[in-house]
Each structure stands twice: as C-alpha cells, then as structure tokens.
Amino acid sequence: MKKYFLASRAIITLLIISMVMFNSSCKKKDKGDEKPDLPPQESLLMDFSDFDERPDTKGTTYNNFVYSFLNVAFWNTVTTSSLAFPALAYVNMVGQNARYLGDNSWEWAYYFTYEQTDYVATFTTSRINNETYSAEMMIAEEATPEAGFKWFDGVVRFDRTAASWNVYKDAASPVKVIEVDWTKNYEANTSSLTYTYVEPAQDETGSSITFGKDPSLAYNAWYTISFSSETIEIQWDMATKAGRVRNEDHFLDTDWHCWDASLVDIECPDL
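Quick note on numbering: the sequence shown equals residues 953 to 1223 in this note's numbering.
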C-alpha cells in the first residue's frame, strides 16, 4: 500500500511539474504586453528613385526608358500627394521610444513642423494575436491634438515579414485612396510592395503597381503596373540602371524593349 501511495504522489508531482512547464511555455510564446518592432519604411513607401528624372532626349533615343518613366510618374504623383505628409512622421518614429497604454497597446509620438505649422503625430498599435497587431497613424495640429486625422491604418506581423495598410485623404470627409500590401523574406532579401488605387469614381480606380526586388535575378527590381486598359512590365538592374519594358498594347508585340546603363535604347541582350 505504501508503494502505491508513493507511486501516486510521484505521478501527481510529475503532472504538476508538466502543467507548470506548459504554462510557462505558453507565457513565453504569448506576446502579451510586448512592445512591437515597427516595420521598416519600405513596408509603406515605394522606391521610385530610379525613375525620378527624365533624360534629355536631344540627339539620342530614350523611348523605352521614357515610356517606363511616364507610367511610373503617375504612381509617384498619386502616392506622393497621399503619403508625403504622414511618411515624414512615420520615418522619424521608427526606432523611437513608445509609451505603454495598457491592454496590449503602445503609442509613439512625434512633434514636427511642416510648412510653418506645428503638428503632433501619434502611431498606436494594439495586439490582435500572437502573430499580428493593428496600427494607425493620427496627425493633428499641436494646438488642437483632439482634432486629429487618421492618415493610415493597417495590420502588421510581429516578425515584420508582412503588413497591409489603408491610406486616407480629406479630413473633412475621409475617403480611402490607396490599399498597400507588403511582404519581405529577410533570408533571401526579397520583397514585394503593392499599391492599389481605390479612391471611388476616378478614371483609374482599381489600377495597381507592384514593386519587387530579388538580388538573385539579372534584372533585380521590377514594377508591374496595371491600368484599366493595359498592363506594363518594367524590369531593371538597380546597380547599372539598365532595364527593359514590355506592353503588348503599346508596342504591338510581346517582346521586351531595352535601354542601357545610360538609358539609351538598345537591342535587348540575351540573358
């Protein structure tokens, strides 16, 4: 009988230890009130820097690059008007200290001056589950912080491998203008960022642009631009700036049309 009780006590002790270890393990995995690392600015801001200047066309043919430049310029204009202001605040918030609000929520604040007016931007996150958290950016004049406008909101993965954003405009009558989807593979150093233009009742509502990077490819960066009537593929080498473009509706063929490191039209090389 004594052996029976000793065995029973041993079993109960093991069960208790197992339960404690299990609970401890769960707590370690639970994000709880852990402050999230904000995603990099590339999760929101598309890089247009390789297509921000139109070459002088005198005496040399730059048709292929210029055609690409003009299509990228549409998106550069749309996104700059919607994102330049909140992006200024967000870029300066990344890496700054945050205040814990309780209930798994954190807040970053940034004070800045824009066109001779003082503003305060607040970026607030709230845990959804162990994988994701919600976020929103509010900006108000510093004198009236209660009258802020939500410039964008979204959902972000804690591991910073994906984020989706909604971008708004017009404080008097807010409307969503751009949907943003971003993914990144840190091991392969590949990424993809897509803007979809969703402002209601506009000529190009529903159009989109995707910017991707993959260092393993000869043309290691690309845009895929979808308008209501056509799709344009642009690929280039970020180091040399040589690239190519394809659009059957514009060129009346399915071939690539190339430019060299000086942006001059050339016959496409074999890859």
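Each residue gets a CB set at the ideal place from its N, CA and C atoms; glycine is no exception. Keep in mind it's a predicted model, so treat the numbers as computed, not measured.
Rounded to the nearest angstrom, the gap between the Cα atoms of F1037 and P1007 is 28 Å. The Cβ atoms of A1087 and V1072 lie no closer than 8 Å to each other. For T1029, the enclosing alpha helix (DSSP H) stretches over residues 1015-1045. With respect to the 8 Å criterion, T1084 and F1110 are classified as neighbours on the basis of their beta carbons.
Between R1198 and W1211, the C-beta spacing is not below 8 Å. Contact between the region 1213-1223 and the region 1047-1060 is not established, with fewer than three Cβ pairs separated by less than 8 Å. For the beta strand (DSSP E) assignment, the uninterrupted runs of no fewer than 3 residues enclosed by the region 1126-1164 are, from N- to C-terminal side, 1127-1137, 1142-1149.
As for any beta strand (DSSP E) of minimum length 3 sitting wholly inside the region 1058-1118, the runs are 1069-1079, 1084-1093, 1101-1109, ordered along the chain. Selection S1159, A1170, A1191 evaluated against S1214 yields A1191 as nearest (Cα-Cα). In the structure shown, Q1048 falls within a coil segment according to DSSP collapsed to helix, strand and coil. Scanning A1153, Y1062, G1100 for the CA closest to the CA of L1040 turns up Y1062.
Assignment of S1178 by DSSP, reduced to helix, strand and coil, places it in the strand class.
C1210 has R1196, I1218 as its beta-bridge partners, per DSSP.
In chain order, F1101, K1102, Y1120 place their CB closer than 8 Å to the CB of P1126, counting only its own chain and leaving out the 5 sequence neighbours on each side.
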